[in-house]
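J.:
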């Protein structure tokens with residue numbers, strides 16, 4: 180089975196807010212481009228709803 184068969188792109192929606200916030204909390208603060216400190220969950224949700232990117236995907240890899 181090739182790598183193409185193992186990778187799935189899932190378009191980000193507000194339903195992914197919890198998952199994305201958990202990932203954001205785990206990131207090193209020096210790698211964050213849009214903020215210097217962790218935003219509140221509500222601010223995070225507002226950011227997702229604002230559709231800041233042309234495309235935004237979660238990459239899922241089947242193992």
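Numbering (this note's numbering), first residue to last: 180 to 242. Beta carbons: idealized from backbone N, C-alpha and C, even for Gly. All figures in this text were calculated on a predicted structure; none of them were measured in a lab.
(1) Do you know whose CA, among 213, 196, 182 and 181, lies nearest residue 236's CA?
(2) Quick one: is the Cβ of residue 221 within less than 7 Å of any heavy atom of the ligand NAD?
(3) Report the CB separation of residue 238 from residue 188 in whole angstroms; it is logged as a contact under 8 Å.
(4) Locate the alpha helix (DSSP H) running through residue 222, then write down its first and last residues.
T.: Per the coordinate set shown:
(1) Closest by alpha carbon: 196.
(2) Within the structure as shown, the ligand NAD is missing, as the structure has no ligands at all.
(3) Going by Cβ atoms, the distance from residue 238 to residue 188 rounds to 6 Å, so yes, they are a contact pair.
(4) Unbroken alpha helix (DSSP H) run through residue 222: 220-228.
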